[in-house]
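Trainee: Mapped onto mature numbering (1 follows the signal peptide of the UniProt record, and there is no 0), the consecutive letters of the sequence shown carry residue numbers -21 to -1, 1 to 292. Don't be surprised by glycine CBs; every beta carbon is placed ideally from N, CA and C. Every value quoted in this text rests on a predicted model; they were computed, and no experiment measured them. First the structure, then my questions, so here it is.
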Amino acid sequence: MNLQFKFCAIVFFALVQRSLSMMKAMKDDHSRTAECGCPAVWQRQPRQLRSHDPDNGAPGRSTGRIFNGKPSRRGSWPWQVSLQLLHPKLGFIGHWCGGVLIDESWVLTAAHCVHNDLFNLPIGALWTAVVGEWELDSGGRGSARLPVERVILHERFENYVHDIALMKLARPAPLSKVVRTICLPAEDEEPRAGLECVTSGWGRSGPSPSLSSALLEANVPLLELAECLKAYGKSVPIRDGHLCAGNTDGSSGSCVGDSGGPLQCRRPDGVWQLVGVTSFGSGCARPGFPDVYTKIQYYSPWIRDTIANDVNR
């Protein structure tokens, strides 16, 4: 009787331990998922522009911008990545493009950052992803330099069409208060014109050719794609996979060095979601020309399938 009791007690204890372990694993998985799109510092909700809003697209509207813009708060955009290049002939160039951490092992960026008129370098060993940085190249607390294992461009990329690429990190990013992933939209979650979102990057902040040392941000409204089609004309290929955003009065815009960086919108539940990555514009905050972004919702299947195929290779 005593032996049977001890045996039952051992079995019961083992089952309890197993249940607790499973609950902890489920909780950890839920926490990792729930924490995407949650910055370490509080962000004010960007206002939604209504069709009858007199400021909607009105000239002279005051707004922060990356070009002549304002520095972000430390920890505001913990999924922002600096993609730094080691050129095979020119040596270490440093920051070349922006990127976005969408998973602890994956960075999303623009394909033209890797394949352009200057070079075609889809070689992981030449790229480094810097995460958790606010002041460029400062090596701030919590930041990490992560080697890139593999670069995957969209197979139909050409001339800013299908301008999207994935970089797989050689080791997972160390998730923390200053290093987090951003949430991706569902395939049927269409971004709405009129919503004010935020673009961020270390691109040029003024007339000087130098990059910004601090991570800058700008509030930009999402526009109908027709606005960009009208502005750029038939000579510039703008497709369904593009997203139009910005102030046509020239008061905001992305600039050199911002390519591949995030265009993020805040959902009603307070979580930030990636709606675009910076693709191209007409100069830096040039009046009459909004910026064009790669539309993440459109490429959700490609992102999902590319990562899944890599895992199964």
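For L62, list the residues DSSP reports as bridge partners.
Mentor: Within the sequence shown, the letter at position 83 stands for residue 62. DSSP lists C76, A108 as partners of L62.
Trainee: For Y272, which three-state DSSP category applies?
Mentor: Mapped onto the sequence shown, residue 272 falls at position 293. Y272 falls in the strand class under three-state DSSP.
Trainee: Identify the residues that DSSP records as bridge partners of K147: which are they?
Mentor: Indexing the sequence shown from 1 puts residue 147 at position 168. Per DSSP, W85, R129.
Trainee: Alpha carbon to alpha carbon, how far is S192 from I72?
Mentor: Mapped onto the sequence shown, residue 192 falls at position 213. Mapped onto the sequence shown, residue 72 falls at position 93. The alpha-carbon atoms of S192 and I72 are separated by roughly 15 Å.
Trainee: Pick out whichever of V199, L154, P170, V271 has its Cα sitting closest to the Cα of Y277.
Mentor: What you label residue 277 is simply residue 298 of the sequence shown in a count that begins at 1. It is P170.
Trainee: Where do the ends of the alpha helix (DSSP H) carrying P200 lie?
Mentor: Counting from one through the sequence shown, the residue named residue 200 turns up at place 221. No alpha helix (DSSP H) contains P200, which is instead part of the beta strand (DSSP E) from 195 to 202.
Trainee: Under three-state DSSP, which class holds V140?
Mentor: Taking the first residue of the sequence shown as 1, we reach residue 140 at position 161. Here V140 sits in strand by DSSP.
Trainee: For I282, which of helix, strand or coil comes out of DSSP?
Mentor: Position 303 of the sequence shown holds residue 282. Reduced to three states, the DSSP call for I282 is helix.
Trainee: Helix, strand or coil: which one does DSSP assign to A287?
Mentor: Position 308 of the sequence shown, counted from the first residue, corresponds to residue 287. Residue state, collapsed to three classes: helix.
Trainee: How would you label N288, buried or exposed, when you count the other beta carbons within 10 angstroms and need 16 or more for buried?
Mentor: In the sequence shown, the residue the question calls residue 288 occupies position 309. Result: exposed.
Trainee: Measuring CA to CA, which of P151, D82, E134 is closest to I143?
Mentor: For the purposes of this step, residue 143 is identified with residue 164 of the sequence shown, where counting begins at 1. Among P151, D82, E134, the Cα nearest to that of I143 is on E134.
Trainee: Just grab the DSSP bridge partners of R53 for me.
Mentor: Here residue 53 refers to the residue found at position 74 when the sequence shown is read from its first residue. None; R53 has no bridge partner.
Trainee: Can you name the start and end residues of the beta strand (DSSP E) that T257 belongs to?
Mentor: Within the sequence shown, the letter at position 278 stands for residue 257. Start and end: 251 to 259.
Trainee: Please confirm whether L204 and H221 have their CB atoms less than 8 Å apart.
Mentor: Locating residue 204 in the sequence shown gives position 225, where the first residue counts as 1. Locating residue 221 in the sequence shown gives position 242, where the first residue counts as 1. A contact, by the Cβ cut-off of 8 Å.
Trainee: Which of the three DSSP states is assigned to A172 in this structure?
Mentor: On the sequence shown, position 193 is the one that residue 172 refers to. Coil.
Trainee: Looking at C-alpha atoms only, which residue of L145, P18, N198, V158 is the closest neighbour of G225?
Mentor: Here residue 225 refers to the residue found at position 246 of the sequence shown. Ranking L145, P18, N198, V158 by Cα distance to G225 puts N198 first.
Trainee: Short check: CB of K147 to CB of W106, under 8 Å?
Mentor: In the sequence shown, residue 147 corresponds to position 168, counting from 1. In the sequence shown, residue 106 corresponds to position 127, counting from 1. No, these two residues do not count as a Cβ contact at 8 Å.
Trainee: Going by other Cβ atoms of all chains shown within 10 Å of its Cβ, with 16 needed for buried, is residue 328 buried or exposed?
Mentor: Residue coverage of the chain in this structure runs from -21 to 292, which leaves residue 328 outside it and unanswerable.
Trainee: Compare the C-alpha of D237 against each of V215, E112, L62 and name the closest.
Mentor: Sequence index remark: in the sequence shown, residue 237 carries index 258 (1-based). Of V215, E112, L62, the residue nearest in Cα terms is L62.
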